[in-house]
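**Student:** The structure's right below; bear with me while I get my questions together.
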Amino acid sequence: MDSTVKRRVFLLSIQVIANALVIGVVAKGLVYLIDLITNISFYGRFSFEAASPAGNHLGWLVVIVPIVGAILVGLMARFGSKAIGGHGIPEAMEKIILADSRIPPAITFLKPLSAAISIGTGGPFGAEGPIIATGGAFGSLTGQWMHISASERKIVLAAGACAGMAAIFGSPVAAVLLAIELLLFEFSPRSVIPVALACVTGAGMHFLLFGHEPVFGMPAIPAPSSGALAIYVLLGAFVGVIAAGVSRSIYWIEDMFEKLPIHWMWWPALGAIAIGVIGYFAPHTMGVGYDNIQHLLTGTTPLTIVFSLCLLKYLSWSISLGSGTSGGTLAPLFTIGGALGALVGTVIIAWFPQAGINIPTAALIGMAAMFAGASRAWLTSIVFALETTGQINGLLPLLGGCVAAYFVSFFLMKGSIMTEKIQRRGVKTPDAYEPDILRSVAVRQLVIPVKSDTVAKYSIAASEDAGVAAELMGKYNVDNLIVKDDADDNKVIGMITARSLLTFYSRQRQKEQHYESPTRTRRIMAQGRKLLRTNHK
Numbered sequence: 001m002d003s004t005v006k007r008r009v010f011l012l013s014i015q016v017i018a019n020a021l022v023i024g025v026v027a028k029g030l031v032y033l034i035d036l037i038t039n040i041s042f043y044g045r046f047s048f049e050a051a052s053p054a055g056n057h058l059g060w061l062v063v064i065v066p067i068v069g070a071i072l073v074g075l076m077a078r079f080g081s082k083a084i085g086g087h088g089i090p091e092a093m094e095k096i097i098l099a100d101s102r103i104p105p106a107i108t109f110l111k112p113l114s115a116a117i118s119i120g121t122g123g124p125f126g127a128e129g130p131i132i133a134t135g136g137a138f139g140s141l142t143g144q145w146m147h148i149s150a151s152e153r154k155i156v157l158a159a160g161a162c163a164g165m166a167a168i169f170g171s172p173v174a175a176v177l178l179a180i181e182l183l184l185f186e187f188s189p190r191s192v193i194p195v196a197l198a199c200v201t202g203a204g205m206h207f208l209l210f211g212h213e214p215v216f217g218m219p220a221i222p223a224p225s226s227g228a229l230a231i232y233v234l235l236g237a238f239v240g241v242i243a244a245g246v247s248r249s250i251y252w253i254e255d256m257f258e259k260l261p262i263h264w265m266w267w268p269a270l271g272a273i274a275i276g277v278i279g280y281f282a283p284h285t286m287g288v289g290y291d292n293i294q295h296l297l298t299g300t301t302p303l304t305i306v307f308s309l310c311l312l313k314y315l316s317w318s319i320s321l322g323s324g325t326s327g328g329t330l331a332p333l334f335t336i337g338g339a340l341g342a343l344v345g346t347v348i349i350a351w352f353p354q355a356g357i358n359i360p361t362a363a364l365i366g367m368a369a370m371f372a373g374a375s376r377a378w379l380t381s382i383v384f385a386l387e388t389t390g391q392i393n394g395l396l397p398l399l400g401g402c403v404a405a406y407f408v409s410f411f412l413m414k415g416s417i418m419t420e421k422i423q424r425r426g427v428k429t430p431d432a433y434e435p436d437i438l439r440s441v442a443v444r445q446l447v448i449p450v451k452s453d454t455v456a457k458y459s460i461a462a463s464e465d466a467g468v469a470a471e472l473m474g475k476y477n478v479d480n481l482i483v484k485d486d487a488d489d490n491k492v493i494g495m496i497t498a499r500s501l502l503t504f505y506s507r508q509r510q511k512e513q514h515y516e517s518p519t520r521t522r523r524i525m526a527q528g529r530k531l532l533r534t535n536h537k
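Residue numbers (the UniProt record's numbering): 1 to 537.
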């Protein structure tokens, strides 16, 4: 890594640390704003104290509260920015892929405000989705102010988004993994160092502003026996099946709203009807719901509430999110998965008392496996569960359960709940972390003799990698470069051509393919014949 790259990493690190300090304050402010709106909406008092809609005494009037909030969000989307709606992470991914990580400045202010209104009036979402989106928008905004490159702006955006997650949950390692698995798809010093520093700073702000206790404290869980471990793995696989269904249902509901003959501004209000009606019968389904996750992990929550958090929370969340309102996916998935794990665990214990499992561990596995299956961020899911509960004995069951959920969803889903939306728009999203093939070979390994009739205006050092050669050819629109000796700039050792780069790339890709699909082969051959006919004409 040359000195220029190191200097840029240092400057980016300073910037993202400063951003994370601001994002930590914004996270605390968002929580205060949600509590204020909750107190005003459900209790008629001006207070910043933590409050849940579950204790309200509004009766049937509770149905109206989320509808009013959704109308306000719809107006903000219509006359402010439509981008305030949605999950948060998919929108950040789309800006990284399509817009050089440029997020409109208005999102920095409108997203947290719209989310606070949505959640504070009963929306069944967590605060982490909006703050992740806000952190990413703030990072993008500062990146645009600093006039850095698109690649560096991607890093600053991801660092801001994940600093927001660390600030809400105090989970810096999980936040770093979230950046790698869902936003960057890159693992290099230039990206990991700034993101890690931002996440550590965000976690530091969490400890300063929220406290040092685990967000989801739970009783100590015992080390699992081999039989219990097998059951937890099967539980994770079962939750993975449900996660695939949950992910598909969200976008099916979105499709249904798309068919409505009314302006999209009114869709959130229609979705809010479900929030209010379900909230009347099951008030615990409304609002942030972090306390619900906490109670599920104790293993003492009444079965009626557990069932409502599993089924009714899902209905409320999926309909409202599918309507396009401002909300997120993390906390609802954790709640639904935790409740499902607790229910399945209760049934297993009732039928097989000697199974050796316990309900808190089953709820923890269900919580993490649901997010792993839906998002495919299985490493993030495992570490998040460990960091937010502090239960080291849960490591092995979490590993087995989350991998099983990931395994199942890999075969049942083409994408994930995070990528489905942008894939439907024809945008190809990364699905694997792979090294750059051209960066793995030096130019000297691909040189060919210089032909007598060769005219080359540009040269390159033999020690540079092939990726640099491809970059130069594209920049200057040339098909070949002269390759010079590193020690003697006047000594030509050969040349490198676009053809040699493509040949090397093709051979390396073929080595990675264990088999060649007959369908894929026929498709490539058909495309080749079509191209030849076009050129012939």
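Note that beta-carbon positions come from the ideal geometry of N, C-alpha and C, so glycine has one too.
Taking Cβ positions only, does Val478 come closer than 9 angstroms to chain D?
**Tutor:** Given the protein chain composition of this structure (a single chain), no chain D is represented.
**Student:** Who are the near neighbours of Ala175 in its chain, counting only those whose CB is closer than 6 angstroms to its CB and skipping five residues on each side?
**Tutor:** Counted from its first residue, the sequence shown places residue 175 at position 175. If we look at Ala175 and ignore the five residues flanking it on each side, its Cβ neighbours are Cys162, Met165, Ala166 and Cys199.
**Student:** Nearest by alpha-carbon distance to Thr329: which of Ala115, Val25, Lys6 and Val31 is it?
**Tutor:** Taking the sequence shown and counting its residues from 1, one reaches residue 329 at position 329. Cα-wise, what sits closest to Thr329 is Ala115.
**Student:** What does the alpha-carbon distance come out to for the pair Thr304 and Ile349?
**Tutor:** Along the sequence shown, read from residue 1 onward, the residue named residue 304 stands at position 304. Along the sequence shown, read from residue 1 onward, the residue named residue 349 stands at position 349. In a straight line, the C-alpha of Thr304 is about 17 angstroms away from that of Ile349.
**Student:** Thr497 lies in the beta strand (DSSP E); which residues open and close that run?
**Tutor:** What you label residue 497 is simply residue 497 of the sequence shown in a count that begins at 1. It spans Val492 to Thr497 - the beta strand (DSSP E) in which Thr497 sits, taken as one unbroken run.
**Student:** Out of Met418, Ser326, Trp378 and Ala461, state which residue places its alpha-carbon closest to the alpha-carbon of Gly240.
**Tutor:** Residue numbering aside, residue 240 sits at position 240 when the sequence shown is read from its first letter. Of the listed residues, the one whose Cα sits closest to Gly240 is Trp378.
**Student:** With Asn477 as the anchor, note down where its beta strand (DSSP E) starts and where it stops.
**Tutor:** As a working mapping, residue 477 is identified with position 477 in the sequence shown. First-last for Asn477: undefined, no H or E at that position.
**Student:** Rounding to the nearest angstrom, what Cα-Cα distance links Lys313 and Ile365 in this structure?
**Tutor:** Position 313 of the sequence shown holds residue 313. Position 365 of the sequence shown holds residue 365. If I take the Cα positions, the gap works out to 18 angstroms.
**Student:** Is DSSP giving Ile319 helix, strand or coil here?
**Tutor:** Position 319 of the sequence shown, counted from the start, is the residue given in the question as residue 319. Helix, per DSSP.
**Student:** Measure the beta-carbon distance from Tyr232 to Thr389 and round it to whole angstroms, keeping in mind my assumption that it falls under 8 angstroms.
**Tutor:** In the sequence shown, counting from the first residue as 1, residue 232 sits at position 232. In the sequence shown, counting from the first residue as 1, residue 389 sits at position 389. 15 angstroms between Cβ atoms; not a contact.
**Student:** May I have the straight-line CA-CA distance separating Arg78 from Gly69, to the nearest angstrom?
**Tutor:** Locating residue 78 in the sequence shown gives position 78, where the first residue counts as 1. Locating residue 69 in the sequence shown gives position 69, where the first residue counts as 1. Going from the Cα of Arg78 to the Cα of Gly69 covers about 14 angstroms.
**Student:** Drop a sphere of 10 angstroms on the beta-carbon of residue 544, count the other beta-carbons inside from all chains shown, and report buried for 16 or more, exposed for fewer.
**Tutor:** Residue numbering for the chain in the displayed model covers 1 to 537; residue 544 lies beyond these limits and cannot be assessed.
**Student:** Give the list of continuous alpha helix (DSSP H) stretches no shorter than 4 residues that lie fully inside the region 281-359.
**Tutor:** Segments of the alpha helix (DSSP H) lying fully in the region 281-359: 290-296, 303-307, 313-322 and 330-351.
**Student:** Counting C-beta neighbours from all protein chains within 10 Å, is the total for Pro283 16 or more, i.e. buried, or is it exposed?
**Tutor:** Taking the sequence shown and counting its residues from 1, one reaches residue 283 at position 283. Under this definition Pro283 is a buried residue.
**Student:** Determine the burial state of Gly55: buried for a count of at least 16 other Cβ atoms within 10 Å of its Cβ, exposed for fewer.
**Tutor:** The residue labelled residue 55 in the question sits at position 55 within the sequence shown. Gly55 is exposed by the Cβ-count criterion.
**Student:** Just the Cα atoms here: how many angstroms apart are Gln508 and Met218?
**Tutor:** Translated into positions along the sequence shown, residue 508 becomes position 508. Translated into positions along the sequence shown, residue 218 becomes position 218. Answer to the nearest angstrom: the Cα atoms are 49 angstroms apart.
**Student:** To the nearest angstrom, how far is it from the Cα of Leu333 to the Cα of Leu398?
**Tutor:** Residue mapping note: residue 333 aligns to position 333 of the sequence shown, counting from 1. Residue mapping note: residue 398 aligns to position 398 of the sequence shown, counting from 1. Those two C-alpha atoms are separated by around 16 angstroms.
**Student:** Take the Cβ of Asp35 as the centre, count every other Cβ of all protein chains shown within 10 Å, and call the residue buried at 16 or more, exposed below.
**Tutor:** Translated into the one-based positions of the sequence shown, residue 35 becomes position 35. It counts as buried.
**Student:** From this set, Ala228, Gly211, Ala269 and Ser323, which residue's C-alpha is nearest Tyr254's C-alpha?
**Tutor:** By 1-based counting over the sequence shown, the position of residue 254 is 254. Before going on, a small fix: residue 254 reads as Glu here, not Tyr. When each option's Cα is compared against that of Glu254, the closest is Ser323.
**Student:** Can you say whether Ser149 is buried or exposed, counting buried as having 16 or more other CB atoms within 10 angstroms of its CB?
**Tutor:** Start at 1 with the first residue of the sequence shown, and residue 149 comes out as number 149. With fewer than 16 other Cβ atoms within 10 Å, it is exposed.
**Student:** Measure the C-alpha to C-alpha separation of Val9 and Leu197 and round it to an integer number of angstroms.
**Tutor:** Mapped onto the sequence shown, residue 9 falls at position 9. Mapped onto the sequence shown, residue 197 falls at position 197. The alpha-carbon atoms of Val9 and Leu197 are separated by roughly 11 angstroms.
**Student:** Between the alpha carbons of Leu184 and Ala127, how many angstroms are there, rounded?
**Tutor:** For the purposes of this step, residue 184 is identified with residue 184 of the sequence shown, where counting begins at 1. For the purposes of this step, residue 127 is identified with residue 127 of the sequence shown, where counting begins at 1. One C-alpha to the other measures close to 22 angstroms.
**Student:** Which residues does DSSP list as the beta-bridge partners of Asp465?
**Tutor:** Position 465 of the sequence shown, counted from the start, is the residue given in the question as residue 465. Note: Asp465 sits in a beta bridge opposite Ala442.
**Student:** Within the continuous alpha helix (DSSP H) that includes Gly160, where are the two ends?
**Tutor:** Against the sequence shown, residue 160 aligns to sequence position 160. Looking at the DSSP string, the run of the alpha helix (DSSP H) that includes Gly160 is Ala150 to Phe169.
**Student:** Could you tell me the alpha carbon to alpha carbon distance between Ile368 and Ile359, rounded to whole angstroms?
**Tutor:** Reading the sequence shown from its first residue, position 368 is the one you call residue 368. Reading the sequence shown from its first residue, position 359 is the one you call residue 359. In the sequence under discussion, the amino acid at residue 368 is Ala, which differs from the Ile named in the question. One C-alpha to the other measures close to 14 angstroms.
**Student:** Thr503: which of Tyr406, Val447, Gly139 and Phe216 sits nearest, CA to CA?
**Tutor:** Here residue 503 refers to the residue found at position 503 when the sequence shown is read from its first residue. Closest by alpha carbon: Val447.
**Student:** So Ala135 packs on Gly160, CB below 8 angstroms; how close in whole Å?
**Tutor:** Within the sequence shown, the letter at position 135 stands for residue 135. Within the sequence shown, the letter at position 160 stands for residue 160. It is worth fixing the name first, because residue 135 is Gly in this sequence and not Ala. Between Gly160 and Gly135 the Cβ distance is about 4 angstroms, and since that is below 8 angstroms, they are a contact.
**Student:** On the DSSP letters alone, give me the boundaries of the alpha helix (DSSP H) that Gln144 sits inside.
**Tutor:** Counted from its first residue, the sequence shown places residue 144 at position 144. Unbroken alpha helix (DSSP H) run through Gln144: Glu128 to Met146.
**Student:** Just confirm the distance between the C-beta atoms of Ala363 and Leu296, as a whole number of angstroms; I'd bet it's less than 8 angstroms.
**Tutor:** Position 363 of the sequence shown, counting from 1, holds the residue named residue 363. Position 296 of the sequence shown, counting from 1, holds the residue named residue 296. That belief holds up - the Cβ atoms of Ala363 and Leu296 are roughly 5 angstroms apart, short of 8 angstroms.
**Student:** Tell me whether Leu72 sits in a helix, a strand or coil according to DSSP, three-state version.
**Tutor:** Numbered from 1 along the sequence shown, position 72 holds the residue referred to as residue 72. Three-state result, Leu72: helix.
**Student:** So the alpha helix (DSSP H) Val25 belongs to, where does it begin and stop?
**Tutor:** Against the sequence shown, residue 25 aligns to sequence position 25. Looking at the DSSP string, the run of the alpha helix (DSSP H) that includes Val25 is Ser3 to Tyr43.
**Student:** Where does Lys511 fall in DSSP's three states?
**Tutor:** Counting from 1 along the sequence shown, the entry for residue 511 is found at position 511. DSSP places Lys511 in helix when its eight states are reduced to three.
**Student:** Would DSSP call Leu209 helix, strand or coil?
**Tutor:** On the sequence shown, residue 209 is found 209 positions in, with the first residue counted as 1. In this structure, Leu209 counts as helix in the three-state DSSP scheme.
**Student:** Can you give the Cα-Cα distance for Pro194 and Ile17, rounded to whole angstroms?
**Tutor:** If you number the sequence shown from 1, residue 194 lands on position 194. If you number the sequence shown from 1, residue 17 lands on position 17. Near 8 angstroms, if we compare the C-alpha coordinates of Ile17 and Pro194.
**Student:** Taking the beta carbon of Asn535 as the centre, do at least 16 other beta carbons fall within 10 Å, making it buried, or is it exposed?
**Tutor:** Locating residue 535 in the sequence shown gives position 535, where the first residue counts as 1. Caution is warranted here: a pLDDT of 47 is assigned to Asn535, below 50, making its placement in the model unreliable, and the coordinate value is therefore given only provisionally. Result: exposed.
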